[in-house]
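Protein chains in written order, with my numbering: chain A, 1 to 628; chain B, 629 to 849.
Step one of this worksheet: look at the structure below.
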Amino acid sequence: MSTKPIHEVLQVSPTSAACLLGNLAIVRGALEAGVQFFSCYPGTPASEVGDTFARIAKDAGVFFEYSINEKIAVEIAFAASLTGARAMCSMKHLGLSYAGDPISTMPYLGIKGGLVIVAAGDPSAITSPNEQDQRHFSRFLYYPVFDPATPDDALKMTRYAFELSEETRLPVIMRPTTRVCHVSGMVEPGPLPQNRSEIEFSKDPSRHVALPTNARRMRKELIGRYALAESMLAESDFYSRTGDGKFGIIASGVAYAYVTQVIRDLGVLDRVSLLQIGAYPIPERIIAEFLGSVESILVAEELTPFVEESVTLSAFRNQRFLPIYGKNSGHFPLEYEYNPDLVTDVIREYLHLDKAPRAPVPVLDLPSRPPVLCPGCPHRTSFYLIRKVFGKKTVYVNDIGCYTLGFGAPLHSCDVILSMGASISMAAGIARVTGQRTVAYIGDSTFFHSGLPALVNAVQNDDDVTVCILNNYVTAMTGFQPSPSAREILPEADTGERRFVPAGVPIEQVVSGLGVEDVYSIDPFAVESTRQQLKQAKNGSGVNVVICNSPCRVFERRLGTDQKQSPYLVDQELCDGCSLCVRLLGCPGIIVESDKYYIDQDLCDGCGLCAYVCNKDAISQVGENVQS
Amino acid sequence: MSRAEQAIPKRSGWRILIAGTGGQGVITAARLLTEFSVLHGHQVLSSQLHGMAQRGGAVQSSVLIDCGISPAIGRGDADIVLGLEPVETARALPFISTKTIVVMNTIPVIPCVLAQNYVLGEGPTEYPSVEKLSTIIREVTTKLVTVDATALAKQAGSLKAINVVMLGCLFGSGLLPYTAEDFMDSVLKNVPPQLAKINRKAFLSGVEFGKTLGLIEESKV
Numbered sequence: 001m002s003t004k005p006i007h008e009v010l011q012v013s014p015t016s017a018a019c020l021l022g023n024l025a026i027v028r029g030a031l032e033a034g035v036q037f038f039s040c041y042p043g044t045p046a047s048e049v050g051d052t053f054a055r056i057a058k059d060a061g062v063f064f065e066y067s068i069n070e071k072i073a074v075e076i077a078f079a080a081s082l083t084g085a086r087a088m089c090s091m092k093h094l095g096l097s098y099a100g101d102p103i104s105t106m107p108y109l110g111i112k113g114g115l116v117i118v119a120a121g122d123p124s125a126i127t128s129p130n131e132q133d134q135r136h137f138s139r140f141l142y143y144p145v146f147d148p149a150t151p152d153d154a155l156k157m158t159r160y161a162f163e164l165s166e167e168t169r170l171p172v173i174m175r176p177t178t179r180v181c182h183v184s185g186m187v188e189p190g191p192l193p194q195n196r197s198e199i200e201f202s203k204d205p206s207r208h209v210a211l212p213t214n215a216r217r218m219r220k221e222l223i224g225r226y227a228l229a230e231s232m233l234a235e236s237d238f239y240s241r242t243g244d245g246k247f248g249i250i251a252s253g254v255a256y257a258y259v260t261q262v263i264r265d266l267g268v269l270d271r272v273s274l275l276q277i278g279a280y281p282i283p284e285r286i287i288a289e290f291l292g293s294v295e296s297i298l299v300a301e302e303l304t305p306f307v308e309e310s311v312t313l314s315a316f317r318n319q320r321f322l323p324i325y326g327k328n329s330g331h332f333p334l335e336y337e338y339n340p341d342l343v344t345d346v347i348r349e350y351l352h353l354d355k356a357p358r359a360p361v362p363v364l365d366l367p368s369r370p371p372v373l374c375p376g377c378p379h380r381t382s383f384y385l386i387r388k389v390f391g392k393k394t395v396y397v398n399d400i401g402c403y404t405l406g407f408g409a410p411l412h413s414c415d416v417i418l419s420m421g422a423s424i425s426m427a428a429g430i431a432r433v434t435g436q437r438t439v440a441y442i443g444d445s446t447f448f449h450s451g452l453p454a455l456v457n458a459v460q461n462d463d464d465v466t467v468c469i470l471n472n473y474v475t476a477m478t479g480f481q482p483s484p485s486a487r488e489i490l491p492e493a494d495t496g497e498r499r500f501v502p503a504g505v506p507i508e509q510v511v512s513g514l515g516v517e518d519v520y521s522i523d524p525f526a527v528e529s530t531r532q533q534l535k536q537a538k539n540g541s542g543v544n545v546v547i548c549n550s551p552c553r554v555f556e557r558r559l560g561t562d563q564k565q566s567p568y569l570v571d572q573e574l575c576d577g578c579s580l581c582v583r584l585l586g587c588p589g590i591i592v593e594s595d596k597y598y599i600d601q602d603l604c605d606g607c608g609l610c611a612y613v614c615n616k617d618a619i620s621q622v623g624e625n626v627q628s
Numbered sequence: 629m630s631r632a633e634q635a636i637p638k639r640s641g642w643r644i645l646i647a648g649t650g651g652q653g654v655i656t657a658a659r660l661l662t663e664f665s666v667l668h669g670h671q672v673l674s675s676q677l678h679g680m681a682q683r684g685g686a687v688q689s690s691v692l693i694d695c696g697i698s699p700a701i702g703r704g705d706a707d708i709v710l711g712l713e714p715v716e717t718a719r720a721l722p723f724i725s726t727k728t729i730v731v732m733n734t735i736p737v738i739p740c741v742l743a744q745n746y747v748l749g750e751g752p753t754e755y756p757s758v759e760k761l762s763t764i765i766r767e768v769t770t771k772l773v774t775v776d777a778t779a780l781a782k783q784a785g786s787l788k789a790i791n792v793v794m795l796g797c798l799f800g801s802g803l804l805p806y807t808a809e810d811f812m813d814s815v816l817k818n819v820p821p822q823l824a825k826i827n828r829k830a831f832l833s834g835v836e837f838g839k840t841l842g843l844i845e846e847s848k849v
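If you want it as structure tokens, here you go:
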């Protein structure tokens, strides 16, 4: 009998205290709203939204998919919504821009079942190549946008967002940031619904077909529906006001949580009026009332001065001329996320309090701990061998995934990096203009995400590019979500030996089907044959593709399907300290102590690349490999 | 008045920072402490402060019990720091002040950047001595105690149990209004059965050690 524990998002109830991660609170809110369809492409800090749905979808009766990319995730959720299903899709901020084409027309067509797009923001670009403010999508494309300060906000806003979406027929954006997504906090869950929306696709081409004639008509309707959203929000609970002092503070997102704490800790509640902005468009009535009740305003919000400028406009429209401070006044910085100390300092200045006494932070010269490729990672072997064959001068264009860690010393396998899938198109662009063969690195999941059209483009233009698809059969960086190239393991009935069969889409066939004639399917750990094939690829003409097939070692261990490889050891008699192993590979398993080289026996994964590069034969395997 | 209330006078709640490296179980330790606190009627906010929990990066996680709505610890505002690794404990120094109690595991996880620095001849090449790191921390707070949690975890049967040993130290210290028995009867029961024995042993060894640290007395200094 199965004793699988019930997942916490299904287990929490309105009668008991519950603490949920912000991303899980969003899932709970969606479940309470009766969500029926979910799609996503993983991306930090939103990944746990999708990973949680992946676990509970069956029990909760929700259609679920990890989509190939965010554009598809949005489109398929929109389609589900047109049948009347309540639908959600999730992604990180960059994904929302990737889905820019469909999301810009969806508000015109309008939805049927409530549709909520989770687009998590990452102020300070902690795990992203940029920071951006998705709140602008409210004005830009007519989306109501929710801006939670806490996990509890995230739950309640998500639940309400479906209602707002259905009433206005607008898709809605839920925009949590890292400090909401990855914070666990107390929530007040509601009940799970008994009934779900009825599913039926009613044909109505005048609404469902985005032709210019229809678009022009729908454009006018859209303005009315957006105005309806504003008036509905004016009646909602997401603009809470605290205190009635003359010093006004308006705050949104996690900045609201910091401000709340700071004014309590400073004991200045009686001097301050605090207004939370929890959703956009900001109802004019709410701002107008607040403007009339205070003598000055400080706006605390991360990223752009979005609320600050709305408030400034409202003040002008209402002919209420009072000092408005925030980013434009220089009180808060335009860049990066806020923190309690920054908010304390600014509020102290605003309230004419003395500066907070604060000891200087001692400057320590501590060794850094940048993220590195794991011991035994097949990407390291691929990077090493490919650079060995293609040489230092070749331009290596890299992409988004674990293999981004090929950046810098010692692998030097990342000269350019831009965005998902851009390695192939940029490598083609550089090759065409310089006349030199370039190398593009891309992982399996990213290849399917957006590398496919770029590869066709390169084939069509006959660009001198060697595309190296680093296929580790999983989307590793964001938490081991399945990749289209995933494999299934079938034990042979008679021998019990493991046999891998493709569970999804075999990359070799896809690449050949796209018109690439030179396709090399290699196992990077088969070093000699790999080198031979890489030499052929280097001397080829036009596009060729090298598929480096080797499973992610960490994922294999998690699955319990890894072949346990015995660690390697340095023979101190033979090692002359030439440093090649460290200089070339940067494996965390190799350490130097008192001028001697050692291999950490706990960390070593037994891949043997260090033994291969050692030209003194000083590194060898300790024992036998065993299959677990 | 409970021992815990005596321990941290005047301020409401406990701000606990757990620091270590990717793979040491910092996030798990924070999750267990959070779950347990919620189960015992406390308001909790916990947060992962840095993004690279995987691939060997530095990891900090905070657990704020009965403190309010802000999810982050301000400068010098931690009540307790659990350092699972010496350099990572020192890296938490901005959150440490005279009032902070610091429990530090003395066994390093050597950053691979040191080997790189050594061969390239740039940057620090030696892991700072634990004595030096202790001195740096003691210049800010005298309430630093050290423990060989790595050895205790090994004795319990797994290096991966360092986080549970450190939680044991915290529970054994009596700083929080919690009992070690309650923890073992609730949260620790929910770990996968194959790990239960190791975790129990690791936790208990931490608890015994925590009792000897005299942290309640330290906190009054």
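Note that beta-carbon positions come from the ideal geometry of N, C-alpha and C, so glycine has one too.
Quick caveat, the model's predicted, so the values are computed rather than measured.
Residues that residue i contacts on chain A, provided the C-beta gap is smaller than 7 Å
{"i": "B:T649", "result": "R369"}
{"i": "B:P752", "result": "D365 and P367"}
{"i": "B:Q671", "result": "M186"}
{"i": "B:G696", "result": "Q261 and R264"}
Interface partners of residue i on chain B, CB under 8 Å
{"i": "A:C552", "result": "Result: empty, since nearest Cβ-Cβ is about 11 Å, beyond 8 Å."}
{"i": "A:V254", "result": "P699"}
{"i": "A:R358", "result": "R703 and G704"}
Proximal residues to residue i (C-beta, below 8 Å), its chain only, five neighbours per side dropped
{"i": "B:C740", "result": "G684"}
{"i": "B:D810", "result": "F664 and H668"}
{"i": "B:P637", "result": "Its pLDDT being 32, under 50, B:P637 is placed unreliably in this model, and the coordinates cannot settle the point."}
Min CB distance residue i to chain B below 8 Å
{"i": "A:V187", "result": "no"}
{"i": "A:Q261", "result": "yes"}
{"i": "A:P14", "result": "no"}
{"i": "A:Y336", "result": "no"}
{"i": "A:Y258", "result": "yes"}
{"i": "A:A57", "result": "no"}
{"i": "A:T150", "result": "yes"}
{"i": "A:L452", "result": "no"}
{"i": "A:A17", "result": "yes"}
Partners in chain B for residue i, counting only beta-carbon separations shorter than 9 Å
{"i": "A:T344", "result": "G702"}
{"i": "A:N339", "result": "A700, G702 and R703"}
{"i": "A:D602", "result": "L787"}
{"i": "A:P362", "result": "L721, P722, I764, E767 and V768"}
Residue i: CB within 7 Å of a non-hydrogen atom of the ligand HEM
{"i": "A:V505", "result": "In terms of ligand content, the structure shown is empty, and the ligand HEM therefore cannot be addressed."}
Chain-ordered neighbours of residue i on chain A, where CB pairs are closer than 8 Å
{"i": "B:I646", "result": "Those do not exist, as B:I646 stays about 13 Å from chain A at its closest Cβ, beyond 8 Å."}
{"i": "B:T763", "result": "Correct list: empty, because the minimum Cβ distance to chain A is about 12 Å."}
8 Å Cβ cutoff, residue i in contact with chain A
{"i": "B:Y755", "result": "yes"}
{"i": "B:A784", "result": "no"}
{"i": "B:P805", "result": "no"}
{"i": "B:L721", "result": "yes"}
{"i": "B:Q744", "result": "yes"}
{"i": "B:C797", "result": "no"}
Supposed contact pair residue j and residue i - C-beta distance, whole angstroms, cut 8 Å
{"i": "A:G248", "j": "A:S296", "result": "6 Å"}
{"i": "A:C40", "j": "A:S90", "result": "4 Å"}
{"i": "A:V49", "j": "A:V116", "result": "Rounded, the Cβ-Cβ distance is 11 Å, inconsistent with contact."}
Residues near residue i in its chain [Cβ-Cβ closer than 7 Å; skip 5 each side]
{"i": "A:I591", "result": "Y598 and D600"}
{"i": "A:S382", "result": "C468, L470, P524 and C548"}
{"i": "A:I68", "result": "F448, H449 and P484"}
Cβ shell of residue i (< 6 Å), same chain only, five flanking positions each side left out
{"i": "B:L661", "result": "V691"}
Cβ contact (3+ pairs, closer than 8 Å) linking the stretch 557 to 571 of chain A and the stretch 524 to 542 of chain A: Flag = no, the stretch 557 to 571 of chain A and the stretch 524 to 542 of chain A do not touch.
Between the stretch 363 to 377 of chain A and the stretch 274 to 291 of chain A, do at least 3 Cβ pairs fall closer than 8 Å? Touching, no, given that fewer than three Cβ pairs across the two stretches are closer than 8 Å.
State whether the stretch 338 to 353 of chain A contacts the stretch 309 to 322 of chain A, with contact taken as three or more CB pairs (one from each stretch) at a distance under 8 Å. In short, these stretches do not touch, since the Cβ pair count stays below three.
Are at least three pairs of beta-carbons, each pair with one atom in the stretch 444 to 455 of chain A and one in the stretch 9 to 23 of chain A, less than 8 Å apart? No: fewer than three Cβ pairs fall under 8 Å.
Would you check if the stretch 775 to 788 of chain B and the stretch 742 to 756 of chain B touch, i.e. whether three or more CB-CB distances between them fall below 8 Å? Judged by pairs of C-beta atoms under 8 Å, the stretch 742 to 756 of chain B does not touch the stretch 775 to 788 of chain B, as fewer than three such pairs exist.
So does the stretch 132 to 143 of chain A actually touch the stretch 90 to 105 of chain A, counting three or more Cβ pairs closer than 8 Å? As far as the Cβ criterion goes, the stretch 132 to 143 of chain A touches the stretch 90 to 105 of chain A, which means the pair count is three or higher.
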